[in-house]
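Residue numbers (the UniProt record's numbering): 1 to 98.
Given below as structure tokens:
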């Protein structure tokens, strides 16, 4: 896990290969939030058909790292096709079909 300076906050980030080889998730434990980019979307996940993507690797990354966060952590994906802006780890464990 590496740490990046984001404004006055220090945020750990985790490289989540699977969507692409350079995809990452930023986690702010003090606020209970994670910015998942295209790794995990609301009720979905990022595409895996380009730039070093791998469905198996993405699945392993989501389950071993994002789903290991506490259920009440808020997740902010890069985008959502239905206009939603956030979800939680617990909601995605329960309702994400991927």
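All residues carry an ideal CB built from backbone N, CA and C; glycine is no exception. A quick note: this is a predicted structure, and the numbers were derived from the prediction, not measured.
Residue burial classification, residue i (beta-carbon count within 10 angstroms, cutoff 16)
| i | result |
| --- | --- |
| residue 72 | exposed |
| residue 83 | exposed |
| residue 68 | exposed |
| residue 87 | buried |
Straight-line gap, residue i to residue j (C-alpha atoms, nearest Å)
| i | j | result |
| --- | --- | --- |
| residue 50 | residue 33 | 28 Å |
| residue 53 | residue 90 | 25 Å |
| residue 48 | residue 30 | 31 Å |
| residue 59 | residue 28 | 22 Å |
Identity of the residues DSSP links to residue i by a beta bridge
| i | result |
| --- | --- |
| residue 41 | 44 |
| residue 35 | 26, 76 |
| residue 87 | 75 |
Cutoff 9 Å: residue i Cβ touching any chain C Cβ
| i | result |
| --- | --- |
| residue 28 | Although the question refers to chain C, the structure presented lacks it and comprises just one protein chain. |
Extent of the continuous alpha helix (DSSP H) to which residue i belongs
| i | result |
| --- | --- |
| residue 59 | 55-61 |
Top-ranked residue by Cα proximity to residue i, from the options
| i | options | result |
| --- | --- | --- |
| residue 38 | 93, 87, 80 | 80 |
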